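Trainee: Chains A and B supply the protein sequences, listed in that same order.
Residue 382, in this note's numbering, is where the first sequence stops; the numbers in between run on with no holes.
Residue 241, in this note's numbering, is where the second sequence stops; the numbers in between run on with no holes.
I'd like to ask you about the structure that follows.
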Amino acid sequence: TFAGEPKWAKQVLTYRILNYTPDLRPTDVNAAIKKALNVWSSVTPLKFIKKDSGDADIMISFVARGHNDFIPFDGPGGSIAHAYAPGKDFGGDAHFDEDETWTKSTEGTNLFYVAAHEFGHSLGLFHSKDPNALMYPVYRKFDPSVFPLHQDDINGIQHLYGPSSNTHNNGRETTEIKDTTEAKEPELPNTCSPDLTFDAVTSFRGEIMFFKDKHFWRKHPAVGTAELNLIASFWPRLPPGVDAAHEIPKEDETVIYKGNEFWIVRGDAILPGYPQKIYTLGFSKDVTKIDAALYNGNEGKIYYFIGDKFWSYDKRSQTMDRKPVFVRDAFPGINGKIDAAFQHENLFYFFLGRKQFEFDPDKKRVTRLLKTNFWFPC
Amino acid sequence: FPSVKRQKKEEGVQLIQKYLENYYGFKKDGEPVIWKSNSLMTKKIKEMQEFFGLEVTGKMDSGTLQLVQKRRCGFPDIAGFS
């Protein structure tokens with residue numbers, strides 16, 4: 005943050021676009037600005053209203069060279085935009101250098117990406133030293149597939165304004181009070197609902213994480229309450245709706261799978277070099293997704309459940325079984341597609357639809373049939 | 160071609176000096192920068208290299224020179240806030 009931590013005292017802010025660059029159609033500029041503001045509103049309680057006349061908290065303009073703020077632009081390249089910290093008059097205002105070539109693509113200078121950075125200043129964030137953060141000062145080639153906020157940005161902005169009050173928002177979609185056409189988010193299921201199902205379940209540093217759509221619940225076995233979080237608030241680059249997850253406690257790593265890709269996370273950081281394709285683990289090419297995964301710490305093996313079969317990966321030798329085997333053959337009493345699985349205190353827990361099976365691998369049998377919400381205080 | 164080489168180096172010095180003025184609060188004292196004896200400029204280059212996670216040499220190496228030519232936000236990295 006800036007020295008003295010200037011920030012807006014209100015949660016509904018106004019913005020006005022004073023003029024438009026000829027590089028883009030006005031509708032494209034409007035869309036880029038709106039999208040850039042929504043990046044920040046998705047992780048905070050802030051909301052933004054567009055004004056077409058009069059004063060606004062964030063005044064946006066395209067200007068070249070000297071433009072009456074004693075910080076002239078320098079022609080093409082170099083300094084491409086700047087913005088002021090929250091405050092009166094030009095506080096919060098954002099200026100974009102008209103000498104740049106503004107685009108909505110990955111060529112030239114992407115307006116959305118630069119505007120998202122500048123609005124970080126408008127809201128009270130200073131430059132970050134983290135090269136992965138949006139608030140890092142050097143412009144990088146815009147990657148439209150990546151949510152622009154890094155954990156460092158989210159920590160910074162939530163330090164000033166707190167987290168989003170909208171628990172149905174995963175940080176990747178818009179929170180727009182004027183947009184009445186926005187599709188409604190699906191209702192988040194009640195943890196005590198008999199219909200509760202999970203996308204994935206894993207142990208995580210002594211807790212259990214239950215993934216569902218854009219969210220996950222954190223539950224410590226010894227604590228009565230479960231904490232609901234957005235996946236994006238922990239790992240902004242992870243997609244919602246993960247397929248499978250498991251922890252490798254000895255390495256303090258948790259592996260998260262979605263489609264034909266996987267990520268390794270340590271705490272709230274995604275390790276560099278991910279996502280990688282699941283084929284690198286040794287799956288045949290016809291495997292396009294994993295239903296569930298479980299790390300058997302006793303044997304150092306990871307079980308990948310796909311349909312009614314499972315593959316076994318030996319962590320020590322880093323080899324995958326040549327062929328999958330039927331789940332029912334290795335885990336008598338468990339049959340069918342497994343949604344999620346995890347190990348807890350030497351027992352395996354399998355989630356199949358609205359049922360949960362506790363399986364003792366030593367006795368080779370199901371020891372309890374549980375409801376899916378067994379772990380929650382219902 | 161020593162004169163061309165010298166000219167290139169002078170351009171690099173000017174580029175970095177301007178960058179440090181704009182983004183690192185470096186204030187020149189009116190005198191032209193004499194590279195080897197300018198400890199304040201060296202200090203500022205080190206600050207900049209440290210901020211960007213470059214190797215902190217205090218020297219105008221190629222990595223530093225490349226970085227100052229990139230497009231960036233016009234707000235300073237080391238600011239005298241007001």
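Glycine residues also receive a C-beta, built at the ideal position from the N, C-alpha and C atoms.
Predicted model only: the values in this text are computed from it and were never measured.
1) By DSSP, does ILE158 of chain A sit in helix, in strand, or in coil?
2) Are the segment 307-323 of chain A and the segment 284-298 of chain A touching by the rule of at least three beta carbon pairs closer than 8 Å?
3) Please identify, using Cβ separations under 8 Å, the residues of the segment 164-189 of chain B that lie next to chain A, in order along the chain.
4) Can you name, in chain order, every residue of its own chain whose Cβ lies under 7 Å from the Cβ of PRO279 of chain A, other than the five neighbours on each side?
5) How far does the beta strand (DSSP E) with LEU373 of chain A in it extend, from its first residue to its last?
6) Would you say HIS86 of chain A lies against chain B (beta-carbon separation less than 8 Å)?
7) Give the straight-line distance between the Cα atoms of TYR165 of chain A and GLY217 of chain B, rounded to the nearest whole angstrom.
8) Along chain A, which residues have their Cβ under 7 Å away from the Cβ of ASP236 of chain B?
9) Against chain A, which members of the segment 197-219 of chain B pass a CB distance test of less than 8 Å?
10) Thinking C-alpha only, which one of A:ALA89, A:ILE75, A:VAL47 is nearest SER83 of chain A?
11) With H, G and I counted as helix, E and B as strand and the rest as coil, what does DSSP make of THR258 of chain A?
12) List, in chain order, every chain B residue whose beta-carbon is nearer than 8 Å to that of HIS121 of chain A.
13) Report yes if the C-beta distance between PHE214 of chain A and VAL227 of chain A is below 8 Å; otherwise report no.
14) Compute the Euclidean distance between the alpha carbons of ASN116 of chain A and SER316 of chain A, then round it to the nearest angstrom.
15) What is the residue span of the alpha helix (DSSP H) that GLN208 of chain B lies within?
16) Taking the alpha carbon of HIS348 of chain A as the point to measure from, which residue in A:TYR299, A:ARG326, A:ILE342, A:HIS99 has its own alpha carbon closest?
17) Using a 10 Å radius around the Cβ and a threshold of 16 neighbouring Cβ atoms, would you call HIS224 of chain A buried or exposed?
18) Exposed or buried, VAL150 of chain A, counting other C-beta atoms within 10 Å across all chains shown (16 or more means buried)?
19) Taking only runs that begin and end inside the segment 196-239 of chain A, name each unbroken alpha helix (DSSP H) of 4 or more residues, in chain order.
20) My understanding is that SER237 of chain A touches VAL47 of chain A, with C-beta atoms under 8 Å, so please give their C-beta distance in whole angstroms.
21) Any Cβ of chain B within less than 8 Å of the Cβ of LEU17 of chain A?
22) Give me the Cα-Cα distance between SER65 of chain A and LEU22 of chain A, rounded to the nearest whole angstrom.
23) Tell me whether the beta-carbon of PRO276 of chain A lies closer than 8 Å to the beta-carbon of LYS262 of chain A.
24) Taking only three categories from DSSP, how would you classify HIS99 of chain A?
25) Going by beta-carbon coordinates alone, are VAL269 of chain A and TRP221 of chain A separated by less than 8 Å?
26) Let me check understanding here. Comparing Cα to Cα, which of A:ARG369, A:PHE100, A:PRO198, A:THR18 lies closest to PHE234 of chain B?
27) Does DSSP put SER251 of chain A in a helix, a strand or coil?
28) Would you be able to state if there are at least three C-beta pairs under 8 Å between the segment 223-234 of chain B and the segment 175-182 of chain B?
29) Curious, which full-length beta strand (DSSP E) runs of at least 3 residues does the segment 47-98 of chain A contain?
30) Quick one: is GLY160 of chain A buried, meaning 16 or more other Cβ sit within 10 Å of its Cβ, or exposed?
31) Within its chain, find whatever has a CB closer than 6 Å to the CB of THR201 of chain B; leave out the 5 residues flanking it on each side and keep chain order.
32) Beta-carbon within less than 8 Å of GLY91 of chain A's beta-carbon, same chain only, minus the 5 sequence neighbours each way: which residues are those?
33) Nearest-angstrom Cα distance between LYS195 of chain B and MET207 of chain B?
34) Using the Cβ count rule (16 or more neighbours within 10 Å means buried), how would you classify PHE94 of chain A?
35) With DSSP as the reference, label TRP106 of chain A as helix, strand or coil.
36) List the residues of chain B that GLY81 of chain A touches, going by C-beta distances under 9 Å, in chain order.
Mentor: On the basis of the data shown:
1) As a first step, residue 158 of chain A is located in the first sequence; it is residue number 154 there, counting from the start. The answer is helix: DSSP assigns ILE158 of chain A an H, G or I state.
2) Contact between the segment 307-323 of chain A and the segment 284-298 of chain A is present, because at least three Cβ pairs lie under 8 Å.
3) Result list: ASN181, TYR182.
4) Counted from its first residue, the first sequence places residue 279 of chain A at position 275. Around PRO279 of chain A: GLU265, PHE266, TRP267.
5) By 1-based counting over the first sequence, the position of residue 373 of chain A is 369. Counting along the chain, LEU373 of chain A sits inside the beta strand (DSSP E) bounded by residues 369-375.
6) As a working mapping, residue 86 of chain A is identified with position 82 in the first sequence. Yes - at least one Cβ of chain B is within 8 Å of the one on HIS86 of chain A.
7) As a position in the first sequence, residue 165 of chain A is number 161, starting the count at 1. As a position in the second sequence, residue 217 of chain B is number 58, starting the count at 1. In this structure, the alpha-carbon of TYR165 of chain A lies about 38 Å from that of GLY217 of chain B.
8) For the purposes of this step, residue 236 of chain B is taken as residue 77 along the second sequence, with counting starting at 1. Here the neighbours are HIS131, PRO141.
9) Within the segment 197-219 of chain B, contact with chain A at the beta-carbon level (separation under 8 Å) is assigned to PHE210, PHE211, GLY212.
10) Taking the first residue of the first sequence as position 1, residue 83 of chain A is located at position 79. Closest option to SER83 of chain A, Cα to Cα, is A:ILE75.
11) If you number the first sequence from 1, residue 258 of chain A lands on position 254. Looking at THR258 of chain A - three-state DSSP - the assignment turns out to be strand.
12) Position 117 of the first sequence, counted from the first residue, corresponds to residue 121 of chain A. Result: CYS232.
13) Counted from its first residue, the first sequence places residue 214 of chain A at position 210. Counted from its first residue, the first sequence places residue 227 of chain A at position 223. It is not a contact, given that the beta carbons lie outside the stated cut-off.
14) In the first sequence, the residue the question calls residue 116 of chain A occupies position 112. In the first sequence, the residue the question calls residue 316 of chain A occupies position 312. According to the sequence shown, residue 116 of chain A is Phe rather than Asn. Distance between PHE116 of chain A and SER316 of chain A, taken at the CA atoms: about 44 Å.
15) If you number the second sequence from 1, residue 208 of chain B lands on position 49. Residues 198-210.
16) Counted from its first residue, the first sequence places residue 348 of chain A at position 344. Per the Cα distances, A:TYR299.
17) On the first sequence, position 220 is the one that residue 224 of chain A refers to. By the neighbour-count definition (other C-beta atoms within 10 Å, threshold 16), HIS224 of chain A is an exposed residue.
18) Numbered from 1 along the first sequence, position 146 holds the residue referred to as residue 150 of chain A. VAL150 of chain A should be labelled exposed.
19) Within the segment 196-239 of chain A, the complete alpha helix (DSSP H) runs of at least 4 residues are 235-238.
20) Position 233 of the first sequence holds residue 237 of chain A. Position 43 of the first sequence holds residue 47 of chain A. Yes, they are in contact, since the Cβ atoms of SER237 of chain A and VAL47 of chain A sit about 7 Å apart, within 8 Å.
21) As a first step, residue 17 of chain A must be located in the first sequence, where it is residue number 13. For LEU17 of chain A, the answer is no, since every Cβ of chain B falls outside 8 Å of its Cβ.
22) As a first step, residue 65 of chain A is located in the first sequence; it is residue number 61 there, counting from the start. As a first step, residue 22 of chain A is located in the first sequence; it is residue number 18 there, counting from the start. Cα atoms of SER65 of chain A and LEU22 of chain A: separation of roughly 5 Å, rounded to the nearest angstrom.
23) For the purposes of this step, residue 276 of chain A is taken as residue 272 along the first sequence, with counting starting at 1. For the purposes of this step, residue 262 of chain A is taken as residue 258 along the first sequence, with counting starting at 1. Their beta carbons are not under 8 Å apart, which means PRO276 of chain A does not touch LYS262 of chain A by this criterion.
24) Numbered from its first residue, the first sequence carries residue 99 of chain A at position 95. DSSP, reduced to helix, strand and coil, places HIS99 of chain A within a strand of the structure shown.
25) On the first sequence, residue 269 of chain A is found 265 positions in, with the first residue counted as 1. On the first sequence, residue 221 of chain A is found 217 positions in, with the first residue counted as 1. Against a cut-off of 8 Å, the Cβ pair of TRP221 of chain A and VAL269 of chain A comes out as no contact.
26) Working through the second sequence from its first residue, we reach residue 234 of chain B at position 75. Cα-wise, what sits closest to PHE234 of chain B is A:PHE100.
27) Here residue 251 of chain A refers to the residue found at position 247 when the first sequence is read from its first residue. Looking at the sequence itself, residue 251 of chain A is Glu, so the reference to Ser does not match. Looking at GLU251 of chain A - three-state DSSP - the assignment turns out to be strand.
28) Three or more beta-carbon pairs separated by less than 8 Å link the segment 175-182 of chain B to the segment 223-234 of chain B, which places the two stretches in contact.
29) Within the segment 47-98 of chain A, the complete beta strand (DSSP E) runs of at least 3 residues are 51-55, 62-67, 83-87.
30) Against the first sequence, residue 160 of chain A aligns to sequence position 156. GLY160 of chain A is buried by the Cβ-count criterion.
31) Taking the second sequence and counting its residues from 1, one reaches residue 201 of chain B at position 42. Taken in chain order, the residues that qualify are GLY217.
32) Here residue 91 of chain A is taken as the residue at index 87 of the first sequence, counted from 1. If you ignore the 5 residues before and after GLY91 of chain A, its C-beta comes within less than 8 Å of the C-beta of PRO10, all in its own chain and listed in chain order.
33) Taking the first residue of the second sequence as position 1, residue 195 of chain B is located at position 36. Taking the first residue of the second sequence as position 1, residue 207 of chain B is located at position 48. Confidence at LYS195 of chain B is low in this model, with a pLDDT of 48, below 50, so its placement is unreliable and no value can be given for it.
34) Within the first sequence, the letter at position 90 stands for residue 94 of chain A. So PHE94 of chain A counts as exposed.
35) Position 102 of the first sequence, counted from the start, is the residue given in the question as residue 106 of chain A. In this structure, TRP106 of chain A counts as strand in the three-state DSSP scheme.
36) Walking along the first sequence from the start, residue 81 of chain A turns up at place 77. Simply GLN228, LYS229, ARG230.
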